[in-house]
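Structure, as structure tokens:
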Amino acid sequence: MSYPTGTASVPYPTTTVTVGEAGKLVFSPSSLNATIGSVIAFNFLGLNHTLTQSELWDPCRSNQLFDSGFHQFNPKNTSGKFVVEFKVVDQDPKWFFCAQTVKRSHCQAGMVVSLNPHGSHAQFLHNALAGIEAQPSNACELPSVDLTPSHTITHVATV
């Protein structure tokens, strides 16, 4: 009698999001819901974009949790050339944007994507388009600096 030596693996569902297709500043789809274990495959097309994680109320600033970096230069829109996979580990909302700012902010042009937004994608997009940024708290205020020179240097040329 023989017994199986391994367990059959069931592939997790994969959803593909295109990034910057045909020169457009968009993730498509721009909002999606996914179950735990799912894989989101971000297929980078077009020019140099990023997949950078942020927050709902500060959509165009990295929260330092996930960043693909600037290495997806694909001017011929070759599908599958650059793919970044993101595995869903919980049902919490995740917010992402393109951090490219050459010529203009891609985020403030609406290049954002939300994962499991629980009905808040419209607010996230609005915040990005409005250029909303978190305000620093008083606890983190920078000290003021007096830039008045303490002395003057005079250079006299001799002929």
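Numbering follows our numbering, in which position 118 of the sequence shown is assigned residue number 596; successive positions increment by one, without gaps.
Just so it is clear, CB atoms sit at the ideal spot from N, CA and C, and this is done for glycine as well.
Every value quoted in this text rests on a predicted model; they were computed, and no experiment measured them.
What would DSSP say about residue i, mapped onto helix, strand or coil?
i                 : result
glycine 524       : strand
phenylalanine 564 : strand
Bridge partners of residue i, per DSSP?
i                 : result
tryptophan 535    : Paired residues: none, contrary to the question.
leucine 510       : Leu593
alanine 519       : Thr494, Glu563
phenylalanine 574 : Gln531, Val591
asparagine 552    : Gly524
phenylalanine 505 : Val497
In whole angstroms, what separates the C-alpha of residue i from that of residue j?
i                 : j                 : result
histidine 527     : phenylalanine 560 : 11 Å
glycine 597       : tryptophan 573    : 13 Å
leucine 525       : glycine 515       : 30 Å
cysteine 585      : isoleucine 518    : 20 Å
lysine 565        : phenylalanine 520 : 11 Å
lysine 502        : proline 489       : 32 Å
phenylalanine 548 : valine 504        : 16 Å
Use the C-beta contact count for residue i: other C-beta atoms within 10 angstroms, 16 or more gives buried, fewer gives exposed.
i                 : result
leucine 543       : exposed
proline 491       : exposed
asparagine 605    : buried
glycine 498       : buried
proline 553       : exposed
phenylalanine 551 : exposed
threonine 579     : exposed
glutamine 496     : Here residue 496 turns out to be threonine, not glutamine, going by the sequence shown. Buried: at least 16 other Cβ atoms inside 10 Å.
alanine 486       : At alanine 486, the pLDDT of 47 sits below 50, so the modelled position is not reliable; the number obtained from the coordinates is stated separately. Per the 10 Å Cβ criterion, exposed.
Does the stretch 586-596 touch the stretch 504-515, meaning 3 or more C-beta pairs lie closer than 8 Å?
The answer is yes - the stretch 586-596 touches the stretch 504-515, with three or more Cβ pairs under 8 Å.
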